[in-house]
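Below is one structure, written out as structure tokens, with a few remarks after it.
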Amino acid sequence: YGQKVMALLLDKRGSEIQITEDILKKAASNRGNGQKVMALLLDKRGSEIHITEDIVKAAASNQLNGLQVMALLHGKRRSEIQITEGIVKAIASNSYIGEEMMALLLEKRGSEVQITEDIVKAVASNWGNIQKIMALLLKERGSEIQINEGIIKAVASNEGNGQEVMALLLDKRESEVHITEDIVKAAASNEGYGQKVIVLLVKERGSEIQITEDIVKAVASNEGNGQEVMALLLDKRESEVHITEDIVKAAASNESYDQKVMALLLDKRGSEIQITEDIVKAVASNRCNGQEMMTLLLDKRGSEIKITEDILKKAASNEHNGQEVMALLLDKRGSEIQITEDILKEVASNEHNGQEMMTLLLDKRGSDIHITEDVLKAAASNESYDQKVMALLLDKRGSEIQITEDIVKAVASNRYNGQEMMTLLLDKRGSDIHITEDVLKAVASNWGNSQKVMALLLDKRGSEVQITEDIVKAAASNEGYGHKVMALLLKERGSEIQINEDIVKAVASNRYNGQEMMTLLLDKRGSDIHITEDVLKAVASNRGNGQKVMALLLKERGSEIQITEDIVKAATETPESLSIFHLLFGTRKSDTLASITSNTEKDAAIKQKIHNGLQVATPVKALIGKAVQAAPEAVIAWVGVCFALGGINREGIAYVVSRMEEY
């Protein structure tokens, strides 16, 4: 109903509607009735519409209605459409109607279409329409197309129909197709049609193919059809396949939900395989089928396997299959296993099944387990959106646990469940907890949970909370939720807080919410804030939020601000320099230019000469103004040259200004 809704809006509220490029791109992308919506817009508001490259690319990428939109645009606005490489690549990548669109383009605008390597690679990577588009290009524009390794690799990697296109290239351009190791690796890694591409290559060009370790590793890692491709290689090229430790590790890390590649290797080439600790560690880390693969290894090669601490640590840190692997190892090889502090730390840190694994260990090996401060700190730092590991340890082994400041700091720093875990500690062990300055600094620095944890502590333990300068600075530097915790502190404890230059500098340097926090400070404590040169240098050096903070300060406190040489130098050293210079030249051009042409007292004569020249030479001033508006990048470049030359030759600044007109 897009056309009808658009027609209604244009009819009833047309005067309020501006037809922007974004609206036209949405129409061109509309898979249901893009043609009708675009036709309506062209009919009703054609004089406002300019057909840009991005609009045509949107139509070219439309996988259902794109052909009709493209035909409409070509028919109505042909003269505005320039056929760029980007447009042709978008057509080449269209998985459903790319062939029809490419045929239309070649028919209507063929003389403007240049078939580049990137376009052919886009076709080769198209998982849906690749064979037909490639055949069309080879037929119509074959003389322009050079088949190189990059294109053949893209075909070999294509998980939709790489086999058909590889067959096409071998048939039509046989002499240009050279099968390199990288091409075979690309096919070996193809999780869709890798087996078929490998079969084709071995059949048609087998004499060119050398089966290397890297190729076999790629096969062993293939999660789509690794077993089938490995079986093919072992069958067709057995004598060339040497099973190394790295190949077995690749199979051990294959997370394709079964252990077929490993089972195949053990069955066919078991005598060549030595089961090393690194292989068993890779199995223990396998998130999807670690349990099944460990069962296979213990069953087939158990006598060679020693269960080390490092293997158990890998199982303990496995966030999907770890509990099952650990249970298997305890069941089958429990007598060899010693539960160390490092293993428990890994379990306590496990964000997906740490609770289940800790329960298992406490149940099966409780007498061997000692809950140390480091284990509790690991649990306190677990950011799995709940506090289950900590709750379990407090419940089962609370009598052994001492809640230290470092544990409370770890909880205070927890970005996702700090509030829940702090609530738990206060509830279960409140008498053991002391709210120190370091704890509050950790809370104020918390990127994700700071406001909630601080509110909790103010509510539950307010009498112990002393808001120091360092705590406020920590909040000011917090680039996640600093503005929220700052607002809370000012609201609840404003009378304790003195806003000094260091705090304002920390806010000015905040890359993500400096603007929000500076707005808050100016609103709530404006009379305490002095905009010093050091504050402005911090703003100018801010790599994320500098332009917004500078704009705010110029608007709210412009009369206090002097743009100095050091401020301009600070701005030139950040990625934000372009936007900051746009702002400075737009709002404070005279003192910004003065700062560029200033230097030490020693250079007073040069400064005066430049100053006089700028005042008298109106054409030069006009030129500088135009340069700022038309090419601010050039001005920034000259500013940088000014400072560089100023350090080498004090006449350099005068030289740069004198050359502005030439630039």
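UniProt numbering numbers the first residue of the sequence shown as 1 and each following residue consecutively.
Even for Gly, the Cβ is constructed at its ideal location relative to N, Cα and C.
Might you give, ordered along the chain, the residues of its own chain that have their beta carbon closer than 8 Å to the beta carbon of residue i, omitting 5 neighbours on each side?
i           : result
residue 319 : 287, 350, 351, 352 and 353
residue 441 : 470, 471 and 474
residue 356 : 323
residue 533 : 562, 564, 566 and 567
residue 684 : In the structure as shown, the chain begins at 1 and stops at 663. Residue 684 is therefore absent and cannot be evaluated.
residue 298 : 305, 328, 332 and 333
So, with DSSP's three-state summary, where would you put residue i?
i           : result
residue 74  : helix
residue 301 : helix
residue 461 : helix
residue 516 : helix
residue 628 : The predicted model places residue 628 with a pLDDT of 49, which falls under 50 and marks its position as unreliable; any figure quoted below should be read in that light. Reduced to three states, the DSSP call for residue 628 is helix.
residue 344 : helix
residue 591 : helix
residue 333 : helix
residue 415 : coil
residue 130 : helix
residue 143 : helix
residue 381 : coil
residue 241 : coil
residue 602 : Annotation note: pLDDT 43 at residue 602 (below 50); position unreliable, no value reported.
residue 18  : coil
residue 556 : helix
residue 95  : coil
residue 526 : helix
residue 403 : coil
residue 63  : coil
residue 182 : helix
residue 618 : Reliability of the predicted coordinates at residue 618 is poor, the pLDDT of 48 falling under 50, and no value is obtained from them.
residue 306 : coil
residue 372 : coil
residue 295 : helix
residue 227 : helix
residue 483 : helix
Taking the alpha carbon of residue i as the reference point, which residue from the options has its own alpha carbon closest?
i           : options               : result
residue 335 : 365, 348, 315 and 444 : 365
residue 22  : 9, 52, 46 and 39      : 52
residue 249 : 356, 12, 281 and 169  : 281
residue 363 : 402, 323 and 375      : 323
residue 481 : 513, 467 and 530      : 513
residue 37  : 530, 245 and 68       : 68
residue 557 : 529, 571, 580 and 538 : 529
residue 337 : 574, 200, 311 and 355 : 311
residue 144 : 247, 486, 154 and 110 : 110
residue 406 : 399, 414 and 400      : 414
residue 170 : 44, 429 and 135       : 135
residue 156 : 18, 146, 175 and 123  : 123
residue 515 : 553, 497 and 534      : 553
residue 546 : 564, 533, 560 and 511 : 511
residue 447 : 483, 462, 507 and 199 : 483
residue 325 : 278, 93, 34 and 289   : 289
residue 32  : 63, 98 and 253        : 63
With a threshold of 7 Å on Cβ separation, who are the neighbours of residue i within its own chain once the five nearest residues in sequence on each side are excluded?
i           : result
residue 25  : 54, 55 and 58
residue 39  : 72
residue 452 : 419
residue 17  : 9 and 10
residue 116 : 85
residue 531 : 553, 557, 560 and 561
residue 15  : none
residue 499 : 521, 525, 528 and 529
residue 49  : 19, 24, 41 and 42
residue 130 : 123, 124, 158, 160, 161 and 165
Below 8 Å on the Cβ atoms is my guess for residue i versus residue j; work out the distance and round it to an integer in Å.
i           : j           : result
residue 193 : residue 162 : 5 Å
residue 344 : residue 369 : 7 Å
residue 489 : residue 467 : 6 Å
residue 259 : residue 292 : 5 Å
residue 359 : residue 392 : 6 Å
residue 478 : residue 444 : 6 Å
residue 348 : residue 321 : 18 Å between Cβ atoms; not a contact.
residue 216 : residue 247 : 5 Å
residue 671 : residue 372 : Nothing about residue 671 can be read from this structure; the chain reaches only from 1 to 663.
Once the 5 residues before and after residue i are set aside, which same chain residues still bring their CB inside 6 Å of it?
i           : result
residue 536 : 567
residue 206 : none
residue 426 : 460
residue 571 : 540, 577 and 580
residue 172 : 138
residue 266 : 300
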